[in-house]
Amino acid sequence: MFVKLIGAALVLFAGTLIGFLQAARYAARPKQIRQLAGSLQRLETEIVYGRTPLPDALRTTAASAEQPIGRLLQAAAEELGLGDGRTFRECWEAAMRNGWPATAMRAPELNVTLRLGSTLGISDKDDQLKHLRLAAVQLKAEEDAAKDEQSKYEKMSRSLGLLLAALVVILMV
Amino acid sequence: MLERVAHLLPSELSELLARLPASALAELEEIRIRDNRPLEVWTGGGSAFVTADGVLQSSPDGAFKPSPDMCRRLLERMTNHSVYAMEEELRRGYITVEGGHRIGLAGRTVLEEGKVRSIRDIGGFNVRIARDAAGVSAGTLPMLIDRSRQSVASTLVVGAPRQGKTTFIRDLARAVSYGRWRSPYAEGWPGRKVGIVDERSEIAACVRGVPTFDVGPRTDVMDACPKAEGMMMMIRSMSPEVLVVDEIGRDEDVEAIREAVRAGVAVIATAHAGGWQEAAVRPAIRKLLQDNAFARGVVLRRSQSGLAVRVIDLEQPAGPPAASAAGGPTRPVAHSPASPREPTAGEPNVR
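So the sequence lines, in the order shown, correspond to chains P and B. For reference, each letter of the first sequence is one residue, going 2 to 174 in the numbering used here. For reference, each letter of the second sequence is one residue, going 20 to 370 in the numbering used here.
So, in structure tokens, the structure goes:
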């Protein structure tokens, strides 16, 4: 009986934890998208006004960005720094695809970021500005969608975790 | 030569070029990469196409063709993934990279108000390998000194393209800056402050404002600056004793050089021309010669044995040959710029 009680408590605890973690992801997604957009804005300043070469611009942007965005940009700068003859697009894509699972962000934002990566650095500053602005607009749209999802699912997933755990406990007993 | 620029090229290309015969590599001057067209190199003064096996041939048939992807990689490398930071370079049509190598670009231009603003869709690259032939001017400098001022005399260097004018004045600037006069008269003279106005980043090959060629310890460089304006800025702010400029020929250059000479600054300038007579009929140069702005003329011609240098003494139209007399401080009242005394035989100088 005692063992059963402990088991039930563990299941309840685990279920609740999963629910809370899921809820935290919903809450973190719009925040991280916002941070990403902020970092891109900073990158825009470096590129358009500072005319900083892209590897340096990425490094300075990464240093001032919050985690996990900073890590993503830093990884891209490091891939570029290898100087193994890959294009910027390839370096950027590798860094983003590797680092993305560690963030709360999902595929739509990744696609926006990858599209941006295929244009960064290969055209003049007006063109760069347009592409960065476009990415900012697209990220804003994703952020709004993510906020909608947050308001819909954040509380729900929290209670759902607890309730599912309770269901499992009841079935077990 | 290849190893100096190999880091700029995509690996496929540098591996291919490394398979060229050693003699061709040693003489390599230009690598011409054209999108989807035969790969060409200039080596030993002639053109050749490169096959995929690294064999040189004169016919373009069967030569290796760089792919569009390779060209894109090349451009990214040369611009450090930052085309937007190179707008000025793209407007001028070439990029200077560390080591003084220059990459000429050809493609579709972007116009703004009728002027070229940039190049996009770049389909042609010309990698010109810079070689810093130290000491090319060593044999000539003793003929160019001005004994009264203990410095170098104002000199106009004339030659057709690719004859080594820029290399020559770079070496002069370095020698003057170090004080390596190499003349018995110049024993103990100090080096002079040299100002280089390097409109096309060719003389000093500055990367981010720092010269990548050794231009001497007393040398300041105004990089990528219009010549006339740069000369005035130098005179006002850097107090040079010798000004070095490349490729003069516009009216504003004339005014700036006159100003410099009036300020007591020796000017070393180059001009494109096949020979001295051709140079002297160009309007800007004719004006300068009429003003006695230059005390010496130098004509450069590359030959089989090396660089042939001819020195013309503009101060003594009827005097003894310049090669024997290093030139006195006297200035003749009248002299005809279009027919200066033809000088002594060319002095071959090992490249």
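Using N, Cα and C, we set each Cβ at its ideal position, and we do this for glycine too. Bear in mind that the values here come from a model prediction, so they are computed numbers and not experimental data.
Candidates P/Phe14, P/Ala9 and P/Leu6: closest to P/Ser160 by CA position:
Cα-wise, what sits closest to P/Ser160 is P/Phe14.
Hey, does B/Arg92 have any beta-carbon neighbour from chain P nearer than 8 angstroms?
yes
- Message: How far does the alpha helix (DSSP H) with P/His132 in it extend, from its first residue to its last?
- Response: Lys126 to Met173 is the span of the alpha helix (DSSP H), which, as asked, contains P/His132.
Among B/Glu266, B/Val286, B/Gly235 and B/Ala152, the one whose alpha carbon lies nearest that of B/Thr186:
B/Ala152
#### Entry: The alpha helix (DSSP H) enclosing B/Ser256, as first and last residue numbers
Lys246 to Ser256
* Asked: For the segment 81-114 of chain B, which residues have a beta carbon sitting closer than 8 angstroms to at least one beta carbon of chain P?
  -> Cβ contacts with chain P: Arg91, Arg92, Leu94, Glu95, Arg96, Thr98, Asn99, His100, Ser101, Val102, Tyr103, Ala104, Glu106 and Leu109.
**Proximal residues of chain B, C-beta to C-beta of P/Lys126 below 8 angstroms** = Tyr103 and Glu106
Going by DSSP in three states, B/Arg199 sits in which element: helix, strand or coil?
coil
Please work out which residues of its chain come closer than 7 angstroms, Cβ to Cβ, to P/Leu130, disregarding the five sequence neighbours upstream and downstream, and give them in chain order. Glu45 and Val49
task = Specify the secondary structure class of B/Val178 as computed by DSSP and reduced to three states.
result = First, the residue type needs correcting, since residue 178 of chain B is Gly and not Val in the sequence shown. B/Gly178: strand per DSSP, three-state reduction.
I'd like to know whether the C-beta atoms of B/Arg321 and B/Gln182 end up nearer to each other than 8 angstroms. Yes, the Cβ-Cβ distance between B/Arg321 and B/Gln182 is below 8 angstroms.
- Item | Alpha-carbon to alpha-carbon, B/Asp165 and B/Lys171 | Note on residue identity: the sequence assigns Val, not Lys, to residue 171 of chain B. Using only the alpha carbons, I get a separation of about 5 angstroms.
Report task. For the alpha helix (DSSP H) containing B/Ser137, list its first residue and its last residue. Result -> Taken as a continuous stretch (DSSP letters only), B/Ser137 belongs to no alpha helix (DSSP H), being part of the beta strand (DSSP E) at Lys134 to Arg147.
| task | Would you please verify whether the beta carbon of P/Gln129 is less than 8 angstroms from any beta carbon of chain B? | result | yes
query = When burial is assigned at 16 or more other CB atoms within 10 Å of the CB, is B/Asp54 buried or exposed?
reply = buried
Indicate whether at least one CB of chain P lies closer than 8 angstroms to the CB of B/Ser137. Closer than 8 angstroms to some Cβ of chain P, the Cβ of B/Ser137 qualifies, so yes.
If you draw a straight line from the alpha carbon of P/Ala24 to that of P/Lys156, how long is it in whole angstroms?
-> Roughly 7 angstroms separates the two Cα atoms.
message = So P/Arg52 contacts chain A; which residues on that side make the cut at Cβ distance below 7 angstroms?
response = Absent here is chain A; the protein component of the structure consists of chains P and B.
Open item on the list: I need the straight-line Cα distance from B/Lys212 to B/Glu278, nearest angstrom please.
Closed with: 18 angstroms
task: Determine whether the Cβ of P/Phe89 lies closer than 8 angstroms to any Cβ atom of chain B.
output: yes
Name, please, each residue of chain P whose Cβ falls closer than 7 angstroms to the Cβ of B/Ser322.
-> By Cβ distance, chain P contributes nothing, its closest Cβ being about 40 angstroms from B/Ser322, past 7 angstroms.
At least one CB of chain P closer than 8 angstroms to the CB of B/Ser30: is that the case?
yes
Assuming B/Ala290 is part of the beta strand (DSSP E), what are its boundary residues? Ala285 to His291
Fill in: Closer than 7 angstroms at the beta carbon, the chain B residues around P/Leu81
What P/Leu81 touches in chain B: His100.
*Reducing DSSP to helix, strand and coil, say where P/Pro109 ends up.*
helix
Subject >> The alpha helix (DSSP H) enclosing B/Leu308, as first and last residue numbers >> reply: For B/Leu308, the enclosing alpha helix (DSSP H) has its first and last residue at Pro302 to Gln309.
Option nearest P/Arg43 by Cα separation, candidates P/Leu163, P/Ala63, P/Thr120 and P/Asp149:
Ranked by Cα distance from P/Arg43, the options P/Leu163, P/Ala63, P/Thr120 and P/Asp149 are led by P/Ala63.
Determine the burial state of P/Asp145: buried for a count of at least 16 other Cβ atoms within 10 Å of its Cβ, exposed for fewer.
-> exposed
* To do: Look up B/Ile114 in the DSSP assignment and give the residues it is bridged to.
  => B/Ile122
Shorter than 7 angstroms, the distance from the beta carbon of B/Ser42 to the closest heavy atom of the ligand MN, or not? For the structure depicted, the ligand MN is absent and the ligand set is empty, with no information on it obtainable.
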